[in-house]
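2 protein chains.
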Amino acid sequence: MNNRVAIIGVGINKFGELWDKNLMDIAYEAGMYAIWDAGISGADIDGMVIGNMSAGRFTGQEHLGALAVDMAGLGDIPAYSVEAACASGGAAVRQAYMAIKSGEHDLMVVLGCEKMSDVSQSEAMNTISVASDWEWEGTFGGTFPALYAFMARRHMHDYGTTEEHLALPVVKNHANAAHNPFAQFQSPVPLDVVMSSAMLAEPLRVLHSSPVTDGAAGLVVCREDLAKKYTDTPVIIEASDQRSDTLALHDRKSITTMSSVVTSTRCALKQANLELKDIDVLELHDSFSIGEIILTEDVGIAKKGEGGKALEEGITEIGGKFPVNTSGGLKARGHPVGATGVAQIVELVLQLRGDADKRQVDGAEKALAVNIGGTGATSIVHVLGR
Amino acid sequence: MNNRVAIIGVGINKFGELWDKNLMDIAYEAGMYAIWDAGISGADIDGMVIGNMSAGRFTGQEHLGALAVDMAGLGDIPAYSVEAACASGGAAVRQAYMAIKSGEHDLMVVLGCEKMSDVSQSEAMNTISVASDWEWEGTFGGTFPALYAFMARRHMHDYGTTEEHLALPVVKNHANAAHNPFAQFQSPVPLDVVMSSAMLAEPLRVLHSSPVTDGAAGLVVCREDLAKKYTDTPVIIEASDQRSDTLALHDRKSITTMSSVVTSTRCALKQANLELKDIDVLELHDSFSIGEIILTEDVGIAKKGEGGKALEEGITEIGGKFPVNTSGGLKARGHPVGATGVAQIVELVLQLRGDADKRQVDGAEKALAVNIGGTGATSIVHVLGR
Chain U
293 MNNRVAIIGV
303 GINKFGELWD
313 KNLMDIAYEA
323 GMYAIWDAGI
333 SGADIDGMVI
343 GNMSAGRFTG
353 QEHLGALAVD
363 MAGLGDIPAY
373 SVEAACASGG
383 AAVRQAYMAI
393 KSGEHDLMVV
403 LGCEKMSDVS
413 QSEAMNTISV
423 ASDWEWEGTF
433 GGTFPALYAF
443 MARRHMHDYG
453 TTEEHLALPV
463 VKNHANAAHN
473 PFAQFQSPVP
483 LDVVMSSAML
493 AEPLRVLHSS
503 PVTDGAAGLV
513 VCREDLAKKY
523 TDTPVIIEAS
533 DQRSDTLALH
543 DRKSITTMSS
553 VVTSTRCALK
563 QANLELKDID
573 VLELHDSFSI
583 GEIILTEDVG
593 IAKKGEGGKA
603 LEEGITEIGG
613 KFPVNTSGGL
623 KARGHPVGAT
633 GVAQIVELVL
643 QLRGDADKRQ
653 VDGAEKALAV
663 NIGGTGATSI
673 VHVLGR
Chain R
293 MNNRVAIIGV
303 GINKFGELWD
313 KNLMDIAYEA
323 GMYAIWDAGI
333 SGADIDGMVI
343 GNMSAGRFTG
353 QEHLGALAVD
363 MAGLGDIPAY
373 SVEAACASGG
383 AAVRQAYMAI
393 KSGEHDLMVV
403 LGCEKMSDVS
413 QSEAMNTISV
423 ASDWEWEGTF
433 GGTFPALYAF
443 MARRHMHDYG
453 TTEEHLALPV
463 VKNHANAAHN
473 PFAQFQSPVP
483 LDVVMSSAML
493 AEPLRVLHSS
503 PVTDGAAGLV
513 VCREDLAKKY
523 TDTPVIIEAS
533 DQRSDTLALH
543 DRKSITTMSS
553 VVTSTRCALK
563 QANLELKDID
573 VLELHDSFSI
583 GEIILTEDVG
593 IAKKGEGGKA
603 LEEGITEIGG
613 KFPVNTSGGL
623 KARGHPVGAT
633 GVAQIVELVL
643 QLRGDADKRQ
653 VDGAEKALAV
663 NIGGTGATSI
673 VHVLGR
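Chains as they are written, first to last, in my numbering: chain U, 293 to 678; chain R, 293 to 678.
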């Protein structure tokens, strides 16, 4: 074990369809909030990592690292983008974690950002789809709603998961987002509205799906020994683990579990010398509501097949044993793909600091985030502690 | 200083317009050559980093990390892409370097890859252009030939650099590539042919420009203490440094120097405890011939303004004091943008091992690579030694 890594600042912009801002506007906003929050100056920063999936297609701009350093007036510090589909944000956090542990960097800014609303909905769908195995899935109409519908249908068949179960993460996450001023949707949605919303890919409805979102989130991370100089409440990255699975869904033994999540969660908890019962609050990647149900099982909150039941019992609500997606999750906070993994960490840092206001989990000390790419071909897990 | 990092295997495919292969075919080929060269098995590999600029636009596939692990049958090891425009390959090398130094990884595969010929030449040009400051350069017709033409014109104005000087890197690099079986163009090109080739953006001609290329290059890197298990001839990454500059050319104090290259070279040499005179062979990013002239000056081989003269005197030829681009460089080996930074390292490893055949620099012990993004908004320098 080398240097431990601390998070000393977080920032996020109000997610939504931000017609009057461009990608760098929102990245700048989130990054500056994080820098102000950390109480550092530009001269303290010695590198930047950006999680972004597809600025080249969404906005016609690559080379975001150099552009962000330039715009922020940060001199000649190194910067680069990391891509792992919807797990690009988590990958950026992990890169900064390794960069600091390696001794090559002392204090870095991590940004996650995506501007998705400047293209048509169908172009946005196509751009996201290239995170699937395009040759074997996307080409044949296997968009993400379709692929997650396969998973949902099989889960219903094997375990008796119901249409009501599919709606429960949505109701919970919207209720949580009502208390998150940075969420895209800050209004509760009743069960019957979710269950009667338009069909997207049977059995998944529009309200089971995360939205198209413009958003950015930022962190300031540094060596633990430096953190004390800036804050009395650093949050420590106690573990970071990443795993892969087959890119195409049809190549897996089972489509009702994400083996990458099972392994990365187990390894991260082991690394942190913790068990799941020690975790007080979680952010789980709910790009579709069936995803949250499957992840509730794969991280070990519920047995396989009983994720829906766990939601029914309120175990994952604020006040439950394992509160999940207090931020509103991808569903209601919004899902700017490259930003999501960083936004999850922002929420958990606020929880561990006791700064989550009306959505605060009392006395939260340990937190866990699962950020996935595609249908689970990439899983990145971080464990945080104070 | 933590763990030192060694390169124990290199692989590259024959660069060119590879109509019968897709992106993953060529990435697989280069990766497998590197794995065979290292004499390792798949089970030894615990992570993968991919340098790629724009697979989303060039080929309609993102999430390359998971796809590559899947295709290569490497189980659940983590993988992700890194983007820093034409410096994406160098950024991938630097990520793996930090990942191993951090203790999070022991032995990784680094790939650089780009499949550029599946889109039209104009779409390829557009895709590359988004590595410039699109809002202030690309939009106004500031493609890379145009931007480099500004640099060339100013260099000619300020220092008396001639049209013949501009042609010299091309002639040298094609002569070198004639001995590189993996180069896209393996035939010498006489000076008069370069000087009479079609005008691209005055004063730059078609033959001053690197081509559109499909290609991939791979490395196996590991902790130095593990390297001994696999090889008697490990090459050590003695330094890695990355710097940024303004993305747009017009924001710089001077457009005849790349300050990011000056600083990253100076810092990398210092890190390696070397001076330029200790370096035996270099790969310098010659996306346009004026780029090689400027870099010849910025790394310190020639004084500012005298890069053309240094080429005239043969200093950077094989047999000269500082051989540059023995591989043929971007001009003649080819420039698959995300692969280039890795391909540079492949060439230098072959040189340091004494495996560069007819283009061998006798007794090469220390080597330096400069991989840049855009017009120098990113510069990544690696120093290698045996």
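Each residue gets a CB set at the ideal place from its N, CA and C atoms; glycine is no exception.
For E375 (chain R), the chain U residues whose Cβ falls inside 7 angstroms of its Cβ are E354, Y372, S373, E375, in order along the chain. The alpha helix (DSSP H) runs of length 4 or more contained entirely in the region 456–516 of chain U are, from start to end of the chain, 483–487.
When secondary structure is reduced to three states using DSSP, G343 (chain R) falls in the strand class.
Excluding residues up to 5 positions away in sequence, R535, S552, V553, S556, I664 lie with their Cβ nearer than 6 angstroms to the Cβ of S671 (chain R) in the same chain.
Residue contact with chain R for Q413 (chain U): absent (no Cβ-Cβ distance below 7 angstroms to any residue of chain R). Within chain U, the residues placing a beta-carbon under 7 angstroms from that of Q534 (chain R) are P370, ordered along the chain. Only A383, Q387, M390, A391, K393, S394, G395, E396 from the region 380–412 of chain R bring a Cβ to less than 7 angstroms from some Cβ of chain U. Closer than 7 angstroms at the C-beta level to chain R, one finds these residues of the region 333–352 of chain U: M345, S346, G348, R349, G352. For G404 (chain R), the enclosing beta strand (DSSP E) begins and ends at 399–407. With its beta carbon at least 7 angstroms from every one in chain U, D450 (chain R) lies outside the interface.
In the structure shown, F442 (chain R) falls within a helical segment according to DSSP collapsed to helix, strand and coil. Taking C-beta atoms as the reference points, A475 (chain R) and G621 (chain R) fail to come closer than 7 angstroms. Where I299 (chain U) is concerned, the enclosing beta strand (DSSP E) starts and stops at 297–304. V385 (chain R) is not a Cβ neighbour of I337 (chain R), given a cutoff of 7 angstroms. Approximately 5 angstroms separates the beta-carbon atoms of T618 (chain U) and R651 (chain U); this is inside 8 angstroms, confirming the contact. Each residue's CA atom was taken as its position, placing G301 (chain U) and A379 (chain R) some 29 angstroms apart. Considered as a whole, the region 311–378 of chain R harbours 340–343, 371–375 as its complete beta strand (DSSP E) runs of no fewer than 3 residues, in chain order.
Here the alpha carbons of D649 (chain R) and A469 (chain R) stand approximately 12 angstroms from one another. One finds nothing in chain U with a Cβ atom closer than 8 angstroms to the Cβ of T588 (chain R); even the nearest lies about 21 angstroms away. In this structure, DSSP gives S394 (chain R) a state outside helix and strand, which the three-state scheme calls coil. A buried status is given to S581 (chain R), since no fewer than 16 other beta-carbon atoms sit within 10 Å of its beta-carbon. For M550 (chain R), same chain residues with a beta-carbon under 8 angstroms away, outside a window of 5 residues either side, are D537, I586, L587, D590, I664, T667, G668, S671 in chain order. Sorting R:T505, R:M448, R:T632 by C-alpha distance to the C-alpha of K596 (chain R) places R:M448 at the top.
Within the model, the alpha-carbon separation for A540 (chain R) versus K562 (chain R) is close to 29 angstroms. Per the coordinates, the alpha-carbon of V411 (chain R) lies some 29 angstroms from the alpha-carbon of A661 (chain R). The beta carbon of L622 (chain R) sits no closer than 7 angstroms to any beta carbon of chain U. Assignment of beta-bridge partners to K623 (chain U) by DSSP yields no partner.
The three-state reading of DSSP puts T431 (chain U) in helix, counting H, G and I together. Separation of P437 (chain U) and I420 (chain U) (C-alpha to C-alpha, rounded to the nearest whole angstrom) is 11 angstroms. DSSP places S552 (chain U) in the uninterrupted alpha helix (DSSP H) bounded by 551–563. Taking the Cα of G612 (chain U) as reference, the smallest distance to any Cα among U:V653, U:D524, U:S488 is reached at U:V653. For L539 (chain U), the nearest CB of chain R lies under 7 angstroms from its own CB, placing it at the interface with that chain.
Within 10 angstroms of the beta-carbon of P473 (chain U) lie fewer than 16 other beta-carbons, which makes it exposed. In this structure, DSSP gives D450 (chain U) a helical state, which the three-state scheme calls helix.
Distances from the CA of G677 (chain U) to each of U:W426, U:S579, U:I529 were compared; the closest alpha carbon is that of U:I529.
No Cβ of chain R is located within less than 7 angstroms of the beta carbon of A490 (chain U).
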